[in-house]
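Numbering-wise, the sequence shown is residues 88 to 207 according to the working numbering. Glycine included, each C-beta is placed from N, C-alpha and C at the ideal position. Presented below is the structure to which this report refers.
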Amino acid sequence: MQTKVIPVLRIFDLAKMREFYIDWLGFSVDWEHRFDADAPVYMQVTRGDVTLHLSEHHGDACPGAKVFIETQGVRELHAELTEKRYKYNRPGLEEAFYGAWEVTLHDPFGNRLVYVERFQ
C-alpha cells in the first residue's frame with residue numbers, strides 16, 4: 088500500500104497566495120475549483136513531491152497550521168529562496184536539536200512550512 092498525506096491549509100487572498108506559493112516558493116497550480124464565480128477557491132499546488140491543498144472555505148482548515156516536510160536539499164532550498172529576496176519572508180537556516188537542517192517558511196495566512204533535512 089502506498090500512502091500520501093496532503094495537508095489542507097487555509098488561505099484568504101488569492102493574489103497573496105500566488106505571490107508566496109507560486110512566485111516565491113515555486114509551486115505549480117495543479118487545479119482550482121469554485122462552485123460558482125463568487126465562491127471561495129479550493130486548489131491543489133505541487134512542488135516536487137510536496138502537494139498541498141489550499142482553501143478559502145472557512146470550514147476546511149484553521150489558520151496557523153504547521154506542516155513538517157522531511158526532504159533532501161534544504162540548504163539548497165534556503166539559498167534559492169534567499170536569492171529571490173521576497174520582501175515578506177527572509178527564512179533562516181537552523182540546525183535543529185534532533186540532528187537536522189531546518190528552514191521555516193511563514194505564509195501570509197499564519198501557516199508554517201518547515202522543510203527538514205536530517206544529517207547523514
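A distance below 7 Å between beta-carbons, with the five flanking residues on each side excluded, links residue 165 to the following residues of its chain, in chain order: 178, 180, 190. Excluding the 5 residues flanking it on each side, residue 130 has same chain C-beta neighbours closer than 8 Å at 116, 117, 118, 119, 120, 140, 141, 142, in chain order. Its chain contains 127, 129 as the residues whose beta carbon lies nearer than 7 Å to that of residue 144, once the 5 sequence neighbours on both sides are disregarded; these appear in chain order. Our two residues, residue 114 and residue 173, have alpha carbons roughly 15 Å apart in a direct line.
Residue 108 sits in a helix when the DSSP states are folded into three classes. Residue environment: residue 167 is assigned as exposed (fewer than 16 neighbouring CB atoms within 10 Å of its CB, all protein chains considered). Spatial neighbours of residue 134 in its own chain (CB-CB distance under 6 Å, excluding positions within 5 residues in sequence) are listed in chain order as 113, 114. Less than 8 Å divides the Cβ of residue 138 from the Cβ of residue 93. For residue 126, there is no enclosing alpha helix (DSSP H), as DSSP gives it neither H nor E.
When beta bridges are read from the DSSP output, residue 157 appears opposite 203. The beta-bridge partner set that DSSP reports for residue 139 consists of 132.
Per DSSP, the unbroken beta strand (DSSP E) holding residue 96 starts and ends at 95-97.
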